[in-house]
Structures are given as structure tokens and as C-alpha cells.
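> Just dropping this structure here.
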Amino acid sequence: MPRMSKKRKLELSFFLNDRGRVAYNDLCRKCQHECKQSFRAVVIDCPHYLSKRAKRKEKIT
């Protein structure tokens, strides 16, 4: 595996784990969208994620 340049490491420093690899949040790991968040993030605000417990909005007609 090629090494990361210093510039690339600085850009990804929030995503790098203790092994120096890019790690995403558990909810974002299998997500197909590009809005992935770091494993360090505590509060997640993802417009694409809808938990099974969330109450769905009903259409008002």
C-alpha cells in the first residue's frame, strides 16, 4: 500500500485511526452516499439515514 503524502495526511487527519488508516462512522461505513463522517464524530446529521425507530412524516392532504 503506498504511503500518504504529508498534505494528504493533514487533509484526512480527522478520519485517520491509530493505525493510520481512514475510518468512518459505523452508520456511514456501508452507506453508498459520499457524505461519510469520521469515526470521531459523536452527533450525526445525515439526510440519507433514517433509523427504524424514527417516526415517518405523514403527508397532509
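Terminal number for the sequence shown in numbering that gives the first Met the number 0: 60, no gaps in between. For every residue, glycine included, the Cβ atom is placed at its ideal position computed from N, Cα and C.
(1) Taking all protein chains shown into account, decide if Cys-27 is buried (16 or more other Cβ within 10 angstroms of its Cβ) or exposed.
(2) Quick one: grab the DSSP three-state call for Leu-11.
(3) Does the beta-carbon distance from Phe-13 to Tyr-23 come in below 8 Å?
(4) Could you compute how far the alpha carbon of Thr-21 sits from the alpha carbon of Glu-10?
(5) Return the chain-ordered list of same chain residues with a C-beta closer than 6 Å to the C-beta of His-120, the five sequence neighbours on each side being excluded.
So, to answer that:
(1) Under this definition Cys-27 is a buried residue.
(2) coil
(3) no
(4) A small correction: the amino acid at residue 21 is Val; Thr does not occupy that position in the sequence shown. Whole-angstrom Cα-Cα distance: 11 Å.
(5) Past the boundaries of the shown model lies residue 120; the chain is included only from 0 to 60, so the question cannot be answered.
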